[in-house]
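J.: Each residue of the sequence shown is one higher than the one before, starting from 334 at the first, in my numbering.
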Amino acid sequence: MSDAAELVDRVEDGEIALHELEAHADADTAATARRQLVADDAETTLDTVGEYAIDAADAEPNIENMIGTVQIPLGVAGPLPVAGERADSETYLPLATTEGALVASVNRGCAVLRAADGANARVTKRAMTRAPVFRVADIVEAEAVVEWVRDNRDALADAAEATTSHGELVDITPYAVGDSVFLRFGYDTKDAMGMNMATIATGEACEVVESETSAELVALSGNLCTDKKPAAINAVEGRGRSVTADVRIPNDVVEERLHATPAAIAELNTRKNLIGSAKAGSLGFNAHAANVVAAAFLATGQDAAQVVEGANAITTVEAREDELYASVSLASLEVGTVGGGTKLPTQSEGLSVLGLRGGGDPPGANADRLAEVIAAGALAGELSLLGALASRHLSSAHAELGR
Numbered sequence: 334m335s336d337a338a339e340l341v342d343r344v345e346d347g348e349i350a351l352h353e354l355e356a357h358a359d360a361d362t363a364a365t366a367r368r369q370l371v372a373d374d375a376e377t378t379l380d381t382v383g384e385y386a387i388d389a390a391d392a393e394p395n396i397e398n399m400i401g402t403v404q405i406p407l408g409v410a411g412p413l414p415v416a417g418e419r420a421d422s423e424t425y426l427p428l429a430t431t432e433g434a435l436v437a438s439v440n441r442g443c444a445v446l447r448a449a450d451g452a453n454a455r456v457t458k459r460a461m462t463r464a465p466v467f468r469v470a471d472i473v474e475a476e477a478v479v480e481w482v483r484d485n486r487d488a489l490a491d492a493a494e495a496t497t498s499h500g501e502l503v504d505i506t507p508y509a510v511g512d513s514v515f516l517r518f519g520y521d522t523k524d525a526m527g528m529n530m531a532t533i534a535t536g537e538a539c540e541v542v543e544s545e546t547s548a549e550l551v552a553l554s555g556n557l558c559t560d561k562k563p564a565a566i567n568a569v570e571g572r573g574r575s576v577t578a579d580v581r582i583p584n585d586v587v588e589e590r591l592h593a594t595p596a597a598i599a600e601l602n603t604r605k606n607l608i609g610s611a612k613a614g615s616l617g618f619n620a621h622a623a624n625v626v627a628a629a630f631l632a633t634g635q636d637a638a639q640v641v642e643g644a645n646a647i648t649t650v651e652a653r654e655d656e657l658y659a660s661v662s663l664a665s666l667e668v669g670t671v672g673g674g675t676k677l678p679t680q681s682e683g684l685s686v687l688g689l690r691g692g693g694d695p696p697g698a699n700a701d702r703l704a705e706v707i708a709a710g711a712l713a714g715e716l717s718l719l720g721a722l723a724s725r726h727l728s729s730a731h732a733e734l735g736r
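#1: Would Glu353 be called buried (16 or more neighbouring beta carbons within 10 Å of its own) or exposed?
#2: When DSSP builds the beta bridges, which residues end up paired with Gly511?
#3: Would Ala698 and Ser554 be called neighbours here (beta carbons separated by less than 8 Å)?
#4: So the candidates are Glu642, Val706, Gly673 and Val668; which of them puts its Cα closest to the Cα of Val686?
#5: Taking the alpha carbon of Ala358 as the reference point, which residue from Val371, Arg343 and Ala372 has its own alpha carbon closest?
#6: Would a C-beta distance cut-off of 8 Å place Ala534 and Ala578 closer than the cut-off?
#7: Could you have a look at Ala612 and say whether DSSP puts it in helix, strand or coil?
#8: Judging by CA-CA distance, which residue of Leu718, Ala416 and Leu663 is the nearest neighbour of Asn567?
#9: For Thr378, does the three-state DSSP call read helix, strand or coil?
#10: Just to confirm my understanding: we take Ala429, look at its own chain, exclude 5 residues before and 5 after, and list those with CB closer than 6 Å. What are they?
#11: Just the C-alpha distance for Val668 and Asp524, rounded to the nearest angstrom, thanks.
#12: Can you confirm whether the segment 703-720 touches the segment 668-680 when touching is taken to mean that 3 or more C-beta pairs between the two stretches lie within less than 8 Å?
#13: With a floor of 4 residues, list each alpha helix (DSSP H) that falls wholly inside the segment 401-434, ordered by position along the chain.
#14: Express the C-alpha separation of Ile396 and Glu432 in angstroms, rounding to a whole number.
#15: Start and end of the beta strand (DSSP E) containing Arg574?
#16: For the alpha helix (DSSP H) containing Arg653, name the first residue and the last one.
#17: Since Arg367 and Leu351 should fall inside the 8 Å C-beta cutoff, what is the C-beta to C-beta distance between them, to a whole number of angstroms?
#18: Going by C-alpha to C-alpha distance, which of Gly714, Val551 and Asp521 sits closest to Thr457?
#19: Count the CB pairs spanning the segment 587-605 and the segment 713-720 that are closer than 8 Å, and state whether there are at least three.
#20: Assuming the contact rule is C-beta atoms closer than 8 Å, Gly710 and Ser438 should be a hit. Round their C-beta distance to whole Å, please.
Pasting the structure below:
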């Protein structure tokens, strides 16, 4: 096996390519050589990028052409009290972010939730989706394909589920648009986020559709899934897990902790999160749910690009006679506790903070709980920001903490 300096010379001499280094050295040596080549080319130094505690080999399933790691500060908010479907407990919520004041804000929201005896949370739907697009001759043929799919769901389920020991097909929704037919497959992927599982399973089902109908597959993903793009279908039908967290806060707790009246916070939520979002044409009717979703995703090894769907949330607030009711509903939160980035050492430790590392008992329980905790964290963040805005403390908080 070559050392890093030798690898650098061989790349510069054109003997091997930058992406081929792992074939000639271990993963850490390859990363060291590649980092030196990039630093020399950019006329800079990458010493900090090269200081990491993980074994580069552990990251091979997650990254190509590795040169090091980017370290993001990791904080915790909490304890966060969440009564979910299978667990009622307090836990610290790990949040990885570079935004000053975010963790402090969520931490204040957690204190409000504790003073209100905790948040409730429930996962209301589970369906990781993949939507292939097929070509047909015309709408008459499209209608025939749609009818065949509806009549042969069991055959498609058998083909799809034969590819996985965990995934379960729960839904197929057909859409015909002219001479195109889209089939939106939905799967319960248990504790995996499940995008790869859904893709492989759907590929097998597509072979059955092609063999039994006149439809011709154009692409395994036809963008009706919808993955990593803003989409109304995710807001309406959900993707991954649809989850809601809510809380009932006594009026005195609202005024003591958030320094505003329940009526003021409720009015603010209506004018900002509902009317303002509607005027903007937003798909998310919330204050900053993406902040908590993104920070929790980075801390626990989720797919960061799926914050696009994960922040698709609606915040509701109602001033009642003796309490303030608040909820956050995230329609398409795509999370898992096995596979993907959850296997990386630091991200795995983030899941361990929550007690959710690995598969749950029963299967799917850990991913459900992770969704509940993130939803409750988003609720804490919404309450804190609404309080800061209603009390006109937002700018002073950022001046103190965000610089």
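Even glycine gets a Cβ: it sits at the ideal position worked out from N, Cα and C.
T.: On the basis of the supplied data:
#1: For this step, residue 353 is matched to residue 20 along the sequence shown. With fewer than 16 Cβ atoms within 10 Å of its Cβ, Glu353 is classed as exposed.
#2: Along the sequence shown, one-based indexing puts residue 511 at 178. None, per the DSSP bridge assignment.
#3: Translated into the one-based positions of the sequence shown, residue 698 becomes position 365. Translated into the one-based positions of the sequence shown, residue 554 becomes position 221. Against a cut-off of 8 Å, the Cβ pair of Ser554 and Ala698 comes out as no contact.
#4: Counting from 1 along the sequence shown, the entry for residue 686 is found at position 353. That would be Val706, whose Cα lies nearest to the Cα of Val686.
#5: Locating residue 358 in the sequence shown gives position 25, where the first residue counts as 1. Ranking the options by Cα distance to Ala358, first place goes to Arg343.
#6: As a first step, residue 534 is located in the sequence shown; it is residue number 201 there, counting from the start. As a first step, residue 578 is located in the sequence shown; it is residue number 245 there, counting from the start. It is not a contact, given that the beta carbons lie outside the stated cut-off.
#7: Translated into the one-based positions of the sequence shown, residue 612 becomes position 279. In the sequence on display, residue 612 carries Lys and not Ala. Three-state DSSP puts Lys612 in a helix.
#8: Stepping through the sequence shown from its first residue, residue 567 is reached at position 234. With distances taken between Cα atoms, Asn567 lies closest to Leu663.
#9: Counting from 1 along the sequence shown, the entry for residue 378 is found at position 45. Correct three-state label for Thr378: coil.
#10: Numbered from its first residue, the sequence shown carries residue 429 at position 96. The answer, listed in chain order, is Ile405, Leu407, Ala628, Leu631 and Ala632.
#11: Along the sequence shown, read from residue 1 onward, the residue named residue 668 stands at position 335. Along the sequence shown, read from residue 1 onward, the residue named residue 524 stands at position 191. Cα to Cα, Val668 sits roughly 8 Å from Asp524.
#12: yes
#13: none
#14: Position 99 of the sequence shown holds residue 432. Position 63 of the sequence shown holds residue 396. Cα to Cα, Glu432 sits roughly 25 Å from Ile396.
#15: Reading the sequence shown from its first residue, position 241 is the one you call residue 574. Taken as a continuous stretch (DSSP letters only), the beta strand (DSSP E) holding Arg574 covers Gly573 to Pro583.
#16: The sequence position of residue 653 within the sequence shown is 320, counting from 1. Run containing Arg653: none; DSSP gives neither H nor E here.
#17: Mapped onto the sequence shown, residue 367 falls at position 34. Mapped onto the sequence shown, residue 351 falls at position 18. Right, the Cβ-Cβ distance comes to about 6 Å (below 8 Å), so this counts as a contact.
#18: In the sequence shown, residue 457 corresponds to position 124, counting from 1. Answer by Cα proximity: Asp521.
#19: yes
#20: What you label residue 710 is simply residue 377 of the sequence shown in a count that begins at 1. What you label residue 438 is simply residue 105 of the sequence shown in a count that begins at 1. Contact doesn't hold; Cβ gap of about 11 Å is too wide.
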